[in-house]
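The next block holds one structure in the form of structure tokens; read it before the comments.
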Amino acid sequence: MAQENNYWTEVFHKRISRRRALGVAARASLGVAGAALLGCAATPAPTPTKALAVSPAAATPTLRPAVTSTPVAKTLDKLVIAHTRDIPSLDPQVQSGNISQGGYWDMLTDTLVTLAREEESLKLVPGLATSWKVMEDDPRTWEFKLRQGVKFHNGEEFDADTVVYNIDRNKDPVLKLNMMPYVKDATAKAIDKYTARLTWPQPYPLAAARLVGFPIVPRKYIQENGEKIMSEKPIGTGYYKFVKWVKDDYVEMEWAGSHWRGKTPTAKTVIQKVIPEIAPRIAALQTGAADVIFDIPPDLVSDVSKDPNVGIYKSTNTAVPNFGISQMKEGPLRDKRVRLALNLAIDRETIVKTMFGGFYQVVPDTVVPLAFGYNADLKPYPYDAKKAKDLLAEAGYPNGFDTVIDMGKVAYPRYKEYTQAIAEYWRQIGVKATIRPQEGAASWSDWGMEVRTAGKGPEGVYLQGYCDCLLDADDTWRYYTTWDPKAGSGTYSWIEDAKLDKMVADSRSTMDLEKRKKLLQEIQAYNHEQAYAIPLWVATFNWGYAKKRIKNLYARLFRVFVWDVELA
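Using numbering that gives the first Met the number 0, the first residue of the sequence shown is number 0, and each one after it goes up by one.
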């Protein structure tokens with residue numbers, strides 16, 4: 000089933016053209032942070048099979064040269080990239096919503112499927128898989144042709160048995176790995192040395208797209224040394240080899256010596272540095288202590304870009320900061336009227352204007368506007384404190400109630416400040432929310448997984464955040480479906496809604512593009528009506544880079560890829 004990813008192509012050509020026309024970028028050649036790996040040399044397009052309507056995010060590409068990685072003319076001795084948080088584990092497949100973890104495994108490993116960079120329009124392109132298709136005689140099965148001659152850093156060969164092992168490894172609930180929710184029902188089989196097939200119980204339109212975030216690890220190395228080896232001495236097939244991890248300080252990587260994408264590295268050594276606060280992060284960039292920094296708040300971009308030695312790279316809008324509303328216990332939060340009141344009590348437009356310089360877009364739900372299946376007919380919850388009070392009184396809480404806001408770590412600018420602002424808005428309608436910072440876990444999702452699995456929470460409202468790595472509404476609905484204890488996935492909010500579960504399940508099993516789009520829009524409308532969460536705005540990620548050493552960055556959604564760094 001060969002098919003161009005026309006939806007992504009169309010959307011991103013329009014988006015990039017408009018962004019250039021408006022002069023949003025701080026320089027003429029735009030750049031951002033990405034979300035997948037590069038493709039490689041040209042491969043003949045597979046012969047089209049019988050047409051099957053598939054989600055745009057799942058379409059098999061025409062295999063043109065996938066994402067050009069032009070060898071640089073020189074190599075830096077060291078490149079320092081500063082993030083807001085540390086990685087949670089050296090194992091690249093460990094479950095985490097941590098962007099810094101993604102940046103780490105992007106250097107160490109490769110994925111079967113990746114995305115073209117934003118400048119070329121985001122679309123699925125080859126990684127370790129050179130092509131893929133849905134089997135004509137069985138739409139539940141996807142076949143992946145694999146790249147030959149690829150080796151792990153220890154010399155172990157990558158092949159179909161490696162793919163089968165990785166799928167099976169991620170199905171182990173004890174390990175809590177990245178892709179478990181998406182492959183737990185899949186059966187993997189090696190057809191020959193370089194052909195693997197994945198079969199689901201029903202058609203699964205998002206199979207290839209899900210593998211964009213699936214770092215491949217070595218089979219024999221782990222089998223011979225045990226699972227802990229990847230948390231101690233990890234290896235992959237990526238550009239860079241692991242050297243050292245100083246927890247809460249930095250991860251050091253070095254050029255692996257060769258790679259199937261090209262022979263010339265951007266830098267011999269890459270340091271992924273942890274600098275949590277924005278002021279020290281900007282100072283590190285301006286003083287030369289860092290070459291690239293993540294997460295410059297939009298209201299500071301103008302001032303920072305005045306420095307002639309600093310360039311700014313603006314990322315795609317694929318993140319909606321929001322709060323989950325726990326349904327764990329009987330009480331006010333189980334009442335739809337109360338959840339709606341909490342939404343109506345927040346003046347989002349004022350927060351965006353005063354805290355983010357008006358750069359963010361207030362949205363009606365946690366689905367980003369660029370996602371396939373976005374419902375453009377929905378409107379954001381308006382600010383209406385009076386109606387919020389009336390709803391509380393109608394629900395039996397005329398004087399409000401007490402609750403908590405569990406504030407985990409998210410990769411959004413000023414999340415502490417806007418959490419405090421929202422707590423104050425709620426105080427004005429009688430809801431007294433105590434903010435409890437969650438300092439232990441590496442990210443909000445690690446904390447959420449821990450307390451949800453243990454049956455200890457969350458009990459009130461909790462800060463959460465995630466990027467839509469697929470640009471498909473389904474990437475959001477995984478946070479609303481009933482919790483699956485075997486997979487350790489589903490909503491952290493204890494939502495159990497049979498109607499919602501069925502709607503999501505139906506959307507995940509149809510290969511009809513238009514039908515699936517309609518189902519996703521209906522799910523969004525239902526979620527909005529139930530007020531299961533508190534969506535805020537679409538956030539951008541702004542990266543800063545040192546112009547004296549770097550000419551351009553390029554984007555694949557929300558992460559910087561070292562091989563995309565064009566040196567000055």
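Where a beta carbon is used, it is the ideal one built from N, C-alpha and C, also for glycine.
| Query | Result |
| --- | --- |
| Delimiting residues of the beta strand (DSSP E) encompassing residue 270 | 266-273 |
| Burial state of residue 393 (16 or more Cβ within 10 Å) | exposed |
| Proximal residues to residue 43 (C-beta, below 6 Å), its chain only, five neighbours per side dropped | At residue 43 the pLDDT is 29, less than 50, meaning the model places this residue with poor confidence; the figure from the coordinates comes in the next sentence. None. |
| Pairwise C-alpha distance: residue 353 and residue 113 | 37 Å |
| Beta-carbon spacing of residue 300, residue 551 below 7 Å | no |
| Rounded distance between the beta-carbons of residue 86 and residue 100, thought under 8 Å | 5 Å |
| Run of the beta strand (DSSP E) containing residue 390, from where it starts to where it stops | Run containing residue 390: none in the beta strand (DSSP E); it sits in the alpha helix (DSSP H), 384-393. |
| Three-state class that DSSP yields for residue 134 in the structure shown | strand |
| Euclidean distance between Cα positions of residue 416 and residue 196 | 48 Å |
| Closest by C-alpha distance to residue 356, when choosing among 561, 539 and 93 | 539 |
| Helix, strand or coil at residue 405 [DSSP, three-state] | strand |
| Residue 349, enclosing alpha helix (DSSP H) - first and last residue | 347-355 |
| Beta-carbon proximity check, residue 442 vs residue 169, cutoff 7 Å | no |
| Beta-carbon proximity of residue 457 to residue 325, cut-off 7 Å | yes |
| Three CB pairs or more closer than 8 Å across the region 127-139 and the region 283-301 | no |
| Cβ neighbours of residue 237 in the same chain (closer than 6 Å, five flanking residues each side left out) | 106, 107, 108 and 109 |
| Assigned exposure category for residue 367 - 16 Cβ within 10 Å defines buried | buried |
| Inside the region 191-227 only - alpha helix (DSSP H) runs reaching at least 4 residues | 206-209 and 218-224 |
| Sequence-distant residues of its chain with Cβ nearer than 6 Å to residue 68 (five each side left out) | Since pLDDT at residue 68 reaches only 46, below the 50 mark, its modelled position is unreliable, and no value is offered. |
| Residue from 334, 372 and 382 whose Cα sits closest to the Cα of residue 519 | 372 |
| Residue closest to residue 172, alpha-carbon to alpha-carbon, out of 381, 235, 545 and 485 | 485 |
| Own chain, CB closer than 6 Å to residue 374, minus 5 neighbours either side, in chain order | 520, 523 and 524 |
| Helix, strand or coil at residue 531 [DSSP, three-state] | coil |
| Cβ pair residue 131, residue 189 closer than 7 Å | no |
| Within 7 Å, strictly: CB atoms of residue 363 and residue 377 | yes |
| Inter-residue Cα distance where the pair is residue 331 and residue 395 | 9 Å |
| Cβ-based neighbour list, residue 384, same chain, cut-off 7 Å, excluding 5 preceding and 5 following | 344, 427 and 428 |
| Cα-Cα separation, residue 547 to residue 78 | 13 Å |
| Endpoints, the alpha helix (DSSP H) within which residue 470 is located | It is not in any alpha helix (DSSP H) - residue 470 carries neither H nor E in the DSSP assignment. |
| Short Cβ contact (7 Å threshold) for residue 242 with residue 231 | no |
| Beta-carbon proximity of residue 152 to residue 266, cut-off 7 Å | no |
| Residue 319 vs residue 534 beta-carbon contact at 7 Å | yes |
| Exposure of residue 407, with buried meaning 16 or more beta-carbon neighbours within 10 Å | buried |
| Counted within 10 angstroms of its Cβ, other Cβ atoms place residue 191 as buried (16 or more) or exposed | exposed |
| Reduced DSSP category for residue 149 - H, G, I as helix; E, B as strand; rest coil | coil |
| DSSP-derived helix/strand/coil call for residue 494 | coil |
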